[in-house]
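These notes are about the structure you will find just below.
Set out below in structure tokens:
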């Protein structure tokens, strides 16, 4: 049951917004970041993306195969297991003792933010994100911001 609680906390950390960050949770977050490489953080971002495609509003714009979903879940499980049971044991125990679930959520949120920053920093992603600006109504916006 305790393992299930930890797994649920990891999952919640990627969607939970308000964050409590103590020195213990920051230490765990740093450990999680230090013991993951760029490939693993991209796998984490991929897992988050695949999970988001389960939302009914996003299903029409994504065609994630069941095999890809299973693979992403397996990669995530292996990563979390390694981080908690091998790399960041002391930090995990300290967070659970001092902060409970809030600290655990904060630490994994830090890892999620690091993973997303790496994905969002890609030049193709940046270009795609800025593409919407072609459709902005400049006249209306200038009326608010003032034209130059």
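Numbering (UniProt numbering), first residue to last: 1 to 148.
Don't be surprised by glycine CBs; every beta carbon is placed ideally from N, CA and C.
Fill in: Supposed close pair residue 46, residue 72 - CB separation, criterion 8 Å
At roughly 6 Å, the Cβ-Cβ gap stays under 8 Å, so residue 46 and residue 72 are in contact.
Worksheet item: Roughly how many whole angstroms lie between the Cα atoms of residue 54 and residue 146?
Response: Taking the straight line joining both Cα atoms gives about 42 Å.
Item to complete: Counting only the same chain and skipping the five closest in sequence on each side, list residues whose C-beta sits under 6 Å from that of residue 134.
Response: Cβ contact annotation for residue 134 (same chain, cutoff 6 Å, sequence separation greater than five): none.
Worksheet item: DSSP on residue 105, reduced to helix/strand/coil?
Response: Residue 105 falls in the helix class under three-state DSSP.
Worksheet item: Closest to residue 29 by CA distance: which of 84, 62, 78, 61 is it?
Response: Ranking 84, 62, 78, 61 by Cα distance to residue 29 puts 84 first.
Fill in: Collapsed DSSP secondary structure at residue 136 in the structure displayed
In this structure, residue 136 counts as coil in the three-state DSSP scheme.
Worksheet item: Given that a residue counts as buried once 16 or more other Cβ atoms are within 10 Å of its Cβ, and exposed if not, what is residue 141?
Response: By the Cβ neighbour-count rule, residue 141 is exposed, with fewer than 16 other Cβ atoms within 10 Å of its own.
Discussion item. When you compare the CB positions of residue 90 and residue 24, do they come within less than 8 Å of one another, or not?
Written reply: Contact annotation: residue 90 and residue 24 have beta-carbon atoms that are not nearer than 8 Å.
Practice prompt. Helix, strand or coil for residue 88, going by three-state DSSP, please let me know.
Written response: In the structure shown, residue 88 sits in coil (DSSP, three-state: anything other than H, G, I, E or B).
Worksheet item: Considering residue 72, what are the terminal residues of the alpha helix (DSSP H) in which it resides?
Response: Residues 66-82.
Worksheet item: Got a sec, what are the start and stop residues for the alpha helix (DSSP H) residue 125 sits in?
Response: Membership of residue 125 in the alpha helix (DSSP H) is indicated by the continuous run 123-130.
Worksheet entry | Pair within 8 Å by beta-carbon distance, residue 38 and residue 118 | Cβ distance < 8 Å, so residue 38 and residue 118 count as in contact.
Worksheet item: Just to confirm, are residue 68 and residue 50 a CB contact at a threshold of 8 Å?
Response: Yes.
Worksheet item: With distances taken from CA atoms, which of 97, 43, 123 is nearest residue 77?
Response: The shortest C-alpha separation from residue 77 is found at 43.
Worksheet item: Around the C-beta of residue 97, are 16 or more other C-beta atoms found within 10 angstroms, so that it is buried, or is it exposed?
Response: Counting Cβ neighbours within 10 Å, residue 97 comes out exposed, since fewer than 16 surround it.
Discussion item. So for residue 58, helix, strand or coil by DSSP?
Written reply: Correct three-state label for residue 58: coil.
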